[in-house]
Amino acid sequence: MDQIANLVIDLSIDSAEFRNEVPRIKKLLNDAAGDSERSAARMQRFLDKQTEATRRTSAGLEQVTASSTAYSSSVEKSAAASARLAADVDQTRQRVEALGRKLREEQAQSAAVAAAQDRTSAAFYRQIDSVKQLSGGLQELQRIQAQVR
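Residue numbers for the sequence shown, in our numbering: 6 to 154.
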């Protein structure tokens with residue numbers, strides 16, 4: 006293109022010189038046209054590459070968005086599952102505490118019943134001992150009565 010800009014056409018030249026210059030000018034113009042076509046082809050290839058890169062980037066962004074959405078959904082599900090698990094653990098803890106209280110109450114009742122049974126057994130054995138003593142005294146009294154008669 007630079008050569009065309011520098012081309013000076015001298016109108017005062019004769020026709021013989023003009024005929025000699027026409028092939029040179031024609032060659033310069035053809036070269037410029039070829040350069041222009043090559044440049045247009047390069048620009049088209051660049052445009053095609055940019056279009057493909059944009060398409061790939063768009064596809065990549067769609068994949069990232071889909072992955073992000075799936076991850077968010079997974080995190081939400083995990084959080085919900087963790088909340089349910091925490092509630093289940095809390096309920097289990099409350100049940101264990103209730104069972105522990107009930108067990109302690111039953112142990113206290115069992116200890117009270119055992120103490121009452123021990124007291125009843127002791128009283129029963131004292132009564133048995135008293136009856137044995139009374140029985141021995143009754144036999145002694147009967148022997149004395151038999152001697153007196």
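Cβ coordinates follow ideal geometry from the N, Cα and C atoms, glycine included. Here the structure is a predicted model, which is why all the values come from computation and not from measurement.
In this structure, the alpha-carbon of Ala84 lies about 57 Å from that of Asp123. Within the model, the alpha-carbon separation for Thr97 versus Ser79 is close to 26 Å. If you keep only unbroken alpha helix (DSSP H) runs of at least 4 residues inside the region 107-141, you get nothing at all.
When DSSP assignments are scanned along the region 57-82, no uninterrupted stretch of alpha helix (DSSP H) that is 4 or more residues long falls wholly within it.
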